[in-house]
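Residue numbers (my numbering): 14 to 509. Each residue gets a CB set at the ideal place from its N, CA and C atoms; glycine is no exception. Since the structure is predicted, the reported quantities are computational estimates derived from the model, not experimental observations. All remarks here apply to the structure that follows.
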């Protein structure tokens, strides 16, 4: 659940800062530093096993054959190992570690506590069928969607993961007892979408690996349909469970995931304040557009439409135009004029870094048209590429500019820095809030040029900020009980 973007993310930006190099040997503390490094490695290994789907997005090949199914045995093992690892971290005397080492240990300890909170207290595996649907979707699509060449053994790793999906759904049937009706209905829709997408997935597999896995996909298809039957016939008639998490649980998710003590009422108030400010600015621009349309003042000289150009040429011309904005704050990376690396057509929704804890929250639905990709452990150079979906071809120029802006490498410098440092701890336990804040500030640097050169694009940026404030307000209000589902929908409709 990505709660923050825009100003709120920037306010929270300083929560973690950039994680740097690993625990280093210090005078009179070499043994403690060595123990710290060993425990960090064990934490990364545990993460790759509990969150293998995120590990695969990061390029951790050891995760590719794995799939956490949320069975009782897996959960018990995860709880036991997380508790033991935290005790080992806590046993290292803090006075013999440097500030950076303490910071890294703190991040990992909070992650370990988050694991126990999720499995012992939140227990989403027992009330959210969407958890199993999203896990299956990730397991099916992430590996064959990669834009880097397959490594030796990737096909077999993927096959092993596919064969774990029926066990995932079986665990779901055994675990789920009292879901909310909305979750069940949404899960049924997701399962229908998964089943309908299998032929397209089969073609993608054949293209990437040069072979077929249709037998394995048929096994998966059967398990999807069986889980759908279970959801329709068993869960839906008895769906009276909770929909909201509660403000206390929401606060703990923020604390364990991002080390932030979030004052939800303050953030809601600030979000509403910022929405009003942005709406006023947007209204001023739209009124000017209307006056221009009526011919009362000269129309602004916007960019010439490139819709009739060949797609590749059109993208390059759009990028070249955007490069001209970056005199003060280069939009396309730290090396102005460097050629842009594009991956088209691709599946950007399965290429960018995903949320760290799927068992804490389910990523929001929505189309992803462009995503920056910096493979952290692929063995290739740490170069960010922009992945574009096939649908980008039909978008208007300003919508394409907006997609490219959101995916610009300049906005992913933090990812590239982590890759170049070859720091697995920093990559695996990085802060989503830090990255969102970084992107927001990078766009803020460009806003004066964008507002001057392309006010239509600036309106899209304002719309995005307003939309994300509204989502944040709804999330906090809904889960704290101050909004019902109906009033939350009404608020979004009214706001957007």
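Compare the Cα-Cα distances from residue i to each of the options and report the closest residue.
i	options	result
residue 410	470, 302, 93	470
residue 494	67, 263, 233	263
residue 184	243, 199, 215	243
residue 305	468, 333, 373	468
residue 213	235, 153, 165	153
residue 480	395, 289, 455	289
residue 181	117, 158, 81, 168	81
residue 293	101, 472, 67	472
residue 116	284, 96, 444	444
residue 365	357, 371, 385, 374	385
residue 140	435, 374, 453, 461	374
residue 279	485, 234, 202	485
residue 435	394, 265, 158	394
residue 372	320, 119, 258, 234	258
residue 413	457, 448, 335	335
What did DSSP end up calling residue i once you bin it into helix, strand or coil?
i	result
residue 355	strand
residue 386	strand
residue 107	helix
residue 399	strand
residue 465	helix
residue 171	helix
residue 370	coil
residue 286	helix
residue 192	coil
residue 503	helix
residue 304	helix
residue 410	helix
residue 141	coil
residue 492	helix
residue 206	helix
residue 421	coil
residue 184	helix
residue 322	coil
residue 394	coil
residue 128	helix
Would you say the beta carbon of residue i is closer than 7 Å to some non-hydrogen atom of the ligand GTP?
i	result
residue 320	For the ligand GTP, the structure offers nothing, since it holds no ligand at all.
What residues in its chain sit with their C-beta under 8 Å from that of residue i, if we drop five residues either side in the sequence?
i	result
residue 219	225
residue 383	361, 399, 400, 401, 402, 405, 416, 417, 419, 420
residue 176	229, 232
residue 487	496, 501, 504, 505
residue 163	221, 222
residue 195	256, 498
residue 460	471, 474
Between residue i and residue j, what straight-line distance do the alpha-carbon atoms span, to the nearest angstrom?
i	j	result
residue 323	residue 62	45 Å
residue 52	residue 72	21 Å
residue 490	residue 505	12 Å
residue 174	residue 48	33 Å
residue 250	residue 328	50 Å
residue 440	residue 300	45 Å
residue 508	residue 483	7 Å
residue 77	residue 171	6 Å
residue 237	residue 428	35 Å
residue 492	residue 255	10 Å
residue 166	residue 75	11 Å
residue 347	residue 83	Low confidence applies to residue 347: its pLDDT is 41, below 50, so where it sits in the model is not reliable, and the reading given next is rough at best. Roughly 42 Å separates the two Cα atoms.
residue 464	residue 387	29 Å
residue 438	residue 309	59 Å
residue 186	residue 145	10 Å
residue 201	residue 433	42 Å
residue 330	residue 206	36 Å
residue 151	residue 204	13 Å
residue 86	residue 269	23 Å
residue 266	residue 337	41 Å
residue 148	residue 179	12 Å
residue 215	residue 261	43 Å
residue 137	residue 252	15 Å
Here's a check: name, in chain order, each residue in its chain whose Cβ is nearer than 6 Å to the Cβ of residue i, leaving out the five neighbours to either side.
i	result
residue 381	361, 362
residue 88	132
residue 60	441
residue 522	Given a span of 14 to 509 for the chain in the structure shown, any question on residue 522 remains unanswerable.
residue 431	439, 440
State yes or no: is the beta carbon of residue i nearer than 8 Å to at least one beta carbon in chain D?
i	result
residue 238	The displayed structure is made up of one protein chain only, and chain D is not part of it.
Looking only at its chain, what residues have a beta carbon closer than 7 Å to the beta carbon of residue i, apart from the 5 residues adjacent to it on each side?
i	result
residue 248	142, 189, 192, 197
residue 107	115
residue 65	76, 79, 80, 81
residue 281	486, 489, 490
residue 102	52, 118, 121, 122
| Those runs of the alpha helix (DSSP H) which lie wholly inside the segment 224-280 and span at least 4 residues | 227-243, 260-271
| In chain order, each alpha helix (DSSP H) run of at least 4 residues that lies wholly inside the segment 434-458 | 437-441
| request: Any chance you could list the alpha helix (DSSP H) runs of at least 4 consecutive residues sitting entirely within the segment 50-106, in chain order? | output: 65-71, 85-103
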